[in-house]
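Student: Before I ask anything, let me first share the structure, which is written out below as structure tokens.
Residue numbers (our numbering): 729 to 1010.
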């Protein structure tokens, strides 16, 4: 690939101004573009077909991550050298890592998710914290889920904090956004997926469900708001309301931890006949 141009892009460039505006949701929605920051996110974006549009990089980062810059160029992205102040202006992090990508939206229509007949799905209902949303997406990816659904009352998938917290998982599995919770539940049930609402006051215990062998089928977990959980009308839509047992003295689990426990429980049950892949395997 030809080398990156040695000319630094001007802080007053329209390209810099356009990228800077993507920190705001209304501009992201209008342009259907978002920011991916840091080497891991940019690498994943470059590998995701037709996603990475532009890459802003410092000279130092371009040298340190020459392979990522080459991947970005090979993916058709425009690469701009920028000084540290430009990167700081575009970035939403306190300590930028020198790489900021501009990416096209990657969400998937809910109907396509249903047509794929998924076996494990995470549904985020009324989840408002972008860090939690991104972390649950990462947990779902790690557990082998085949889709994530964000309801219309949940946080913006492309919030920079959500993108960072997903650590690249945003580019790994289908994610539907803006789906009314009633539609999400009904559609998944019609697709043969059992709906389990995760709630600390659930009348069923996760350990008991595993012991009974009832967790091996297609399953969607519905996770609620960080502060007040799931409203009664949402719990009523589920096939069962399940609590994660607290065996020690902790008052509760946070959303991301509870989601990891639930998703891995389903993943383990669904893979029982073949065993689990160790996280230490390469």
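Ideal Cβ placement from N, Cα and C applies to all residues, glycine included.
Buried or exposed for residue 818, going by 16 or more other Cβ atoms inside 10 Å?
Tutor: Here residue 818 is taken as the residue at index 90 of the chain shown, counted from 1. With 16 or more Cβ atoms within 10 Å of its Cβ, residue 818 is classed as buried.
Student: Drop a sphere of 10 angstroms on the beta-carbon of residue 975, count the other beta-carbons inside from all chains shown, and report buried for 16 or more, exposed for fewer.
Tutor: Taking the first residue of the chain shown as position 1, residue 975 is located at position 247. Burial call: exposed.
Student: Are the CB atoms of residue 848 and residue 872 within a distance shorter than 8 Å?
Tutor: If you number the chain shown from 1, residue 872 lands on position 144. If you number the chain shown from 1, residue 848 lands on position 120. Cβ distance < 8 Å, so residue 872 and residue 848 count as in contact.
Student: Ignore the nearest five residues each way along the sequence and tell me which others in residue 807's own chain have a CB closer than 7 Å to its CB.
Tutor: Translated into the one-based positions of the chain shown, residue 807 becomes position 79. Closer than 7 Å at the Cβ level, and outside the excluded window around residue 807, lie 732, 783, 785, 797, 800 and 801.
Student: Please report how far the alpha carbon of residue 917 lies from the alpha carbon of residue 923, in whole angstroms.
Tutor: Your numbering for residue 917 matches position 189 in the chain shown. Your numbering for residue 923 matches position 195 in the chain shown. C-alpha separation (whole angstroms): 7 Å.
Student: Give the DSSP-derived three-state secondary structure of residue 834 in the structure shown.
Tutor: In the chain shown, counting from the first residue as 1, residue 834 sits at position 106. Here residue 834 sits in coil by DSSP.
Student: Residues in its own chain within less than 6 Å of residue 769 by CB, not counting five upstream and five downstream?
Tutor: Residue mapping note: residue 769 aligns to position 41 of the chain shown, counting from 1. 896.
Student: Is the region 838-858 close to the region 949-957, with three or more CB pairs under 8 Å?
Tutor: The region 838-858, when compared against the region 949-957, does touch it at the 8 Å Cβ threshold.
Student: Here's the rule: buried if 16 or more other CB atoms are within 10 angstroms of the residue's CB, otherwise exposed. What is residue 839?
Tutor: The count along the chain shown starts at 1 and reaches residue 839 at position 111. With fewer than 16 Cβ atoms within 10 Å of its Cβ, residue 839 is classed as exposed.
Student: In or out: residue 696 buried (at least 16 other Cβ within 10 Å) or exposed?
Tutor: In this structure the chain extends from 729 to 1010, so residue 696 is not present and cannot be described.
Student: Can you tell me the Cα-Cα spacing of residue 1005 and residue 846, whole angstroms?
Tutor: In the chain shown, the residue the question calls residue 1005 occupies position 277. In the chain shown, the residue the question calls residue 846 occupies position 118. The pLDDT assigned to residue 1005 is 44, lower than 50, so where the model puts this residue is not dependable, and the model offers no usable value.
Student: Helix, strand or coil: how does DSSP classify residue 1002 here?
Tutor: The residue you call residue 1002 lines up with position 274 of the chain shown. Because the pLDDT of residue 1002 is 46, which lies under 50, any placement of that residue in the model is unreliable, and the number read from its coordinates should be weighed accordingly. If DSSP states are grouped into helix, strand and coil, residue 1002 belongs with coil.
Student: For residue 903, which residues of its own chain have a beta-carbon under 8 Å away from its beta-carbon, when the five flanking residues on both sides are left out?
Tutor: Along the chain shown, read from residue 1 onward, the residue named residue 903 stands at position 175. Around residue 903: 834, 835, 836, 865, 875, 876, 877, 878 and 885.
Student: Is residue 927 near residue 907, with beta carbons less than 8 Å apart?
Tutor: Here residue 927 refers to the residue found at position 199 when the chain shown is read from its first residue. Here residue 907 refers to the residue found at position 179 when the chain shown is read from its first residue. Contact: no.
Student: Between which residues of its own chain and residue 736 is the CB-CB distance below 7 Å, once the five residues before and five after are set aside?
Tutor: Within the chain shown, the letter at position 8 stands for residue 736. Closer than 7 Å at the Cβ level, and outside the excluded window around residue 736, lie 809, 810 and 811.
Student: With DSSP collapsed to three states, give me the class of residue 947.
Tutor: Here residue 947 corresponds to residue number 219 of the chain shown, with the count starting at 1. Strand at residue 947.
Student: Taking the alpha carbon of residue 887 as the reference point, which residue from 894, 815, 858 and 901 has its own alpha carbon closest?
Tutor: Residue mapping note: residue 887 aligns to position 159 of the chain shown, counting from 1. It is 858 whose Cα lies nearest to the Cα of residue 887.
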